[in-house]
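**Q** So the sequence shown is residues -39 to -1, 1 to 749, counted in mature numbering (1 follows the signal peptide of the UniProt record, and there is no 0). Let me give you the structure first, and then I'll get to my questions.
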Amino acid sequence: MPPRQLFRTNSSGDSPPRLRRLAAALIAVPGLVPSVSHAQLTGAAAEPQQLDAPWGLRLAPQIEEHPLAPGSAPSTFVLGEHTSGTAERDIAAKGAAEIRRNNSVIKADALHYDEDTDMADAYGNVRIASGGATFAGPEAHLQVESSQGYMPAPKYKFTLRGGSGSAKRVQLVDNERSVFTDGTYTACQCETNPAWYIRGSEFDFDTGRDEGVARNGVLFFQGVPIFASPWLSFPLSGERRSGLLPPLFSMSSTNGFEFSQPYYFNIAPNRDLTLTPRIISKRGVQTQATFRYLEPTFAGSLTGEYLPNDAIKHENRYAIYWRHDQQLGAGFGAYVNYNRVSDNTYPQDLASAGNQFLVGTQIVYQQEAGITYNRGPWSVLAREQHWQSLDEASTPYGREPQLNVKYTKYNVGGFDFGAETDFSRFRITTDDATEGNRFVFNPYVSYWFGGPGYFAVPKVQMHFASYNLTNIGSTAPTGQPKNFTESIPTYSFDTGLIFERSMRLFGRDYIQTLEPRLYYVYTPYRNQIFAPLFDTAESDFGLAEIFTPNTFVGNDRIADANRVTAGLTTRFIDAATGDERARFVLAQQYYFRGQRVALDSSTTASSASHSDLIVGASVKLGAGFASETAFQYNADENQLVRSSVGFGFSPADRKVINVAYRYTRRTATLGDVPINQFLISAEWPITRRLYGVGRFNYDMAGHRIVDGVVGFQYDADCWTLGFGVQRYANGVTSTNRSSSATRVLAQLTLKGLANVDNGLTAAFMAGVAGYSPPPPAEPPLSRFSDYE
């Protein structure tokens, strides 16, 4: 029999049942078929067409939902090979029976529908599809419109989210919520024997809230129970939901066995909290909490760590990290950056695995708050800055307070000009140190002129400084005044040429450039020995600094100069794509007069006629290969002062090899110990699912491992297992030698249950440049891919 719109008289005929069903379906469902062929036609397309008009193809409209018009009720349709019933009362169907209403479908061998109660009773191979979920079982009883009812022994699947399982019984509460008794749940996409699943006495699923709750839940992995809880919440998709994150197991030489179990609280779409108990066998139980917030005008994060009564140090230990950024409107902003630890050995004892790879053991913690203004040519900063230093010899000065104002204008009749004004009150926690106020005013003006193939930029700048010292330390120069001023001009001229030619190399067309450059700077000598070193140090010497006027960073020293810097750059640019495939640079400074200004009086003036030679090169050879190289060479002594050579190869995702060598000749700054280190890091597949990850940083001068990690990650369809052994720097010994510690890390991630990895993967990512973590679980199919 054909599908019937309910409560009309049933018709009969002698045609075959299935043909009769198909023909009647096209006639009896006028709102279904025409909606496809005439969907959203306007204009000429909606006008009647002549019968003899040529036929053509037209793109079908995009598949999308078409909600009912307001005030209209959905129709109910019943399909079956045999139907019977009473008009406008009830109907029974047998043989491939179906009931359809709106987005709900019930299929069974036989079913009965009662109009008065809207109750459908289905028997034999029952399948229900409603609200993005399917349920299959031997029978079912539910109200079609409200989706309320029950099914014994169901197997279920959330088609839009990928979760599935089975149960003794399911109670359908509405179109989004269902409650299962004595059931299982897994996000693995396999039909049988999932790698992990949760068994519970009751499951409460709400697809609208994207949340599942298991009561008396036990988590099984490869058939072995690994976790149990009387109440367990988890997301039904990859969206952020409250629940457990992957645990982290580790074993270290300083802390013994460690176990961390983060719990994530999805407070709101713009606020969350991660609470992590960290069990440390040699010290006790530490609690870590990170709160993040995001609003239209402000954002930030607050992290706190607390370990009561450390079993080794016998004291309470803590750390606080707070970052807040605020937009005040009209160009104004504000921020807070506050970091503090309880004691000097906290970072080497209790820092995380990833942080120690990234920055080593942190010894200086910044504590500052400020107000900023940025609009047009103006930039203003007012701040209060303090420092907590774990090494008294490395304590920097704080600015208590600082007001910095910058004004910059570009291309005003060809001129660039501006000025920087800064007032700072410098204080330090070290005893017997010079402190005081400093006012700085640095104006400048430059003019750019040039054209295709050349440029020239003359520039004049001044440095005015006024000091008012409130305390003079015992290490200050003899006769140190409390009040004095400085006035130092600087003149520079920067010019260069750009030549280019077309060439063919290795079967490809390239554009090669040749770019000679000269940079002259003149700064007269001024005795600055009485200026304290509040914020000043010697700058690095490399390609980024060789074309700058001052060899110091900060405002307490302005180097005298009468020198010219000569540089030559050549680049190879792919003519088809514009990609720079190679660059080679040579640069050297030539002195007309030796530099006399130094950081302190113990440094003698330089009498060299030229600087070391700087050589740099970067090459991209395609297929994922790249190289960066830099050398600093002293021709007078025929010595290599500094070098760094790096190669990277990454032909595909999760395939990367990095090799680097770094050398710096011994100096007094380095304690007469050279830097001579070799580094190799890699991530590479061993099998289709097993990946090896490693980093090895070896000190060839000290014959020791500076830091390293070696491990693997096994990436299955719905879980990953990682293991690693990490060696990291964690401080300096009493003899000024770097000390190291070792830890073992292990982490299991169940995809679809907790997709955030902040333990072992963080250590791998910090140690291996270009590392890619295992991908998340495959997204479920769309609702149209599993259409009933």
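Every residue, glycine too, gets a C-beta built ideally from N, C-alpha and C.
DSSP three-state label for Tyr486, please.
**A** It is coil, neither helix nor strand.
**Q** Over what stretch of residues does the alpha helix (DSSP H) that includes Leu504 continue unbroken?
**A** Taken as a continuous stretch (DSSP letters only), Leu504 belongs to no alpha helix (DSSP H), as it is neither H nor E.
**Q** For the candidate residues Gly440, Ser221, Glu276 and Ile332, whose alpha-carbon lies nearest to that of Gly290?
**A** For the residues Gly440, Ser221, Glu276 and Ile332, the minimum Cα distance to Gly290 belongs to Ile332.
**Q** Enumerate, from N- to C-terminal direction, the unbroken alpha helix (DSSP H) stretches of 4 or more residues contained entirely within the segment 319 to 385.
**A** As far as the segment 319 to 385 is concerned, it has no whole alpha helix (DSSP H) run of at least 4 residues.
**Q** Just confirm the distance between the C-beta atoms of Val131 and Tyr146, as a whole number of angstroms; I'd bet it's less than 8 Å.
**A** The Cβ separation is near 12 Å, so there is no contact.
**Q** So, under 8 Å CB-CB, Gly56 and His73 are touching, yes? Tell me the CB distance rounded to an integer number of Å.
**A** That belief does not hold up - the Cβ atoms of Gly56 and His73 are roughly 14 Å apart, past 8 Å.
**Q** Mapping DSSP to helix, strand and coil, what is Phe725?
**A** Here Phe725 sits in helix by DSSP.
**Q** Comparing C-alpha positions only, which one of Ser733, Gly609 and Gln549 sits nearest to Arg524?
**A** Considering only alpha carbons, the answer is Gln549.
**Q** Which ranges does the beta strand (DSSP E) cover as unbroken runs of at least 3 residues, wholly within the segment 458 to 485, from first to last along the chain?
**A** Segments of the beta strand (DSSP E) lying fully in the segment 458 to 485: 460 to 466 and 469 to 484.
**Q** So which of Glu266, Gly412 and Leu255 has the shortest CA-CA distance to Asn288?
**A** According to the sequence as given, residue 288 is Gln; it is not Asn. Here the closest residue by C-alpha is Leu255.
**Q** Who are the Cβ neighbours of Met726 in its own chain at under 6 Å, not counting the five residues just before and after it?
**A** Tyr732.
**Q** At the level of alpha carbons, what is the spacing between Arg310 and Leu351?
**A** It is Asp, not Arg, that sits at residue 310 in the sequence shown. Distance between the alpha carbons of Asp310 and Leu351: 13 Å.
**Q** Tell me the residue span of the beta strand (DSSP E) that contains Tyr652.
**A** Counting along the chain, the beta strand (DSSP E) containing Tyr652 begins and ends at Leu651 to Asp660.
**Q** DSSP on Pro(-10), reduced to helix/strand/coil?
**A** A caution first: Pro(-10) carries a pLDDT of 37, below 50, which makes its placement in the model unreliable, though a value can still be read off. Of the three classes helix, strand and coil, the one that applies to Pro(-10) here is coil, per DSSP.
**Q** Measure from the alpha carbon of Phe166 to the alpha carbon of each residue in Ile187, Cys151, Gly144 and Pro155, then state which is nearest.
**A** Phe166 has its Cα closest to that of Gly144, out of Ile187, Cys151, Gly144 and Pro155.
**Q** Which full runs of the beta strand (DSSP E) of 3+ residues lie inside the segment 114 to 144, going along the chain?
**A** Those beta strand (DSSP E) runs which fall completely within the segment 114 to 144 and span 3+ residues are 116 to 119 and 125 to 133.
**Q** Have a look at the DSSP bridge pairing and note the partners of Asn523.
**A** Beta-bridge pairing links Asn523 to Tyr483.
**Q** Please report how far the alpha carbon of Thr95 lies from the alpha carbon of Leu40, in whole angstroms.
**A** Using only the alpha carbons, I get a separation of about 19 Å.
**Q** Just list the residues that DSSP pairs Leu263 with in beta bridges.
**A** Phe252 and Trp283.
**Q** Which of the three DSSP states is assigned to Leu494 in this structure?
**A** Coil.
**Q** For residue 754 and Tyr675, I'd like the C-alpha separation in whole angstroms.
**A** This structure cannot speak to residue 754, because the chain is shown only from -39 to 749.
**Q** Where does Tyr732 fall in DSSP's three states?
**A** Coil.
**Q** Within a Cβ cutoff of 8 Å, which residues of the same chain sit near Ala730, ignoring the five residues on either side of it in sequence?
**A** Correct list, in chain order: Gly609, Val617, Asn619 and Ser642.
**Q** Can you name the residues that DSSP bridges to Pro646?
**A** DSSP lists Tyr652 as partners of Pro646.
**Q** How about Thr356 and Thr391: do their beta carbons lie closer than 7 Å?
**A** Yes. Within cutoff.
**Q** Under a three-way DSSP split, which group does Gln309 fall into?
**A** Looking at Gln309 - three-state DSSP - the assignment turns out to be helix.
**Q** Taking the Cβ atom as the reference point for each residue, do Asp517 and Phe495 lie within a distance shorter than 7 Å?
**A** Yes, the Cβ-Cβ distance between Asp517 and Phe495 is below 7 Å.
**Q** Quick one: does Pro493 have its CB under 7 Å from some CB of chain C?
**A** The chain labelled as chain C is not found in the depicted structure, where only one protein chain is given.
**Q** Mind checking which residues open and close the beta strand (DSSP E) that includes Ser213?
**A** Counting along the chain, the beta strand (DSSP E) containing Ser213 begins and ends at Leu209 to Ser213.
**Q** Among all the DSSP beta bridges, which residues are the ones paired with Ser45?
**A** For Ser45, which the question treats as bridged, DSSP gives the partners Ala53.
**Q** So, at 6 Å on beta carbons, what are the nonlocal neighbours of Thr530 in its own chain, with the 5 sequence-adjacent residues on each side left out?
**A** Glu476 and Val546.
**Q** Considering only C-alpha positions, which residue in the set Arg202, Ser579 and Asp82 is nearest to Ala229?
**A** That would be Arg202, whose Cα lies nearest to the Cα of Ala229.
**Q** Beta-carbon separation of Phe400 and Phe376 under 7 Å?
**A** Not in contact: Phe400 and Phe376 (Cβ atoms no closer than 7 Å).
**Q** What does DSSP give as the partner residues of Phe166 in its beta bridges?
**A** Answer by DSSP bridge pairing, in chain order: Ser139 and Gly173.
**Q** Can you list, in chain order, the residues of its chain whose CB lies under 8 Å from that of Met464, leaving out five sequence neighbours each side?
**A** Excluding positions up to five away in sequence, the list reads Asp470, Tyr471, Ile472 and Gln473.
**Q** In three-state terms, what does DSSP make of Leu29?
**A** In this structure, Leu29 counts as coil in the three-state DSSP scheme.
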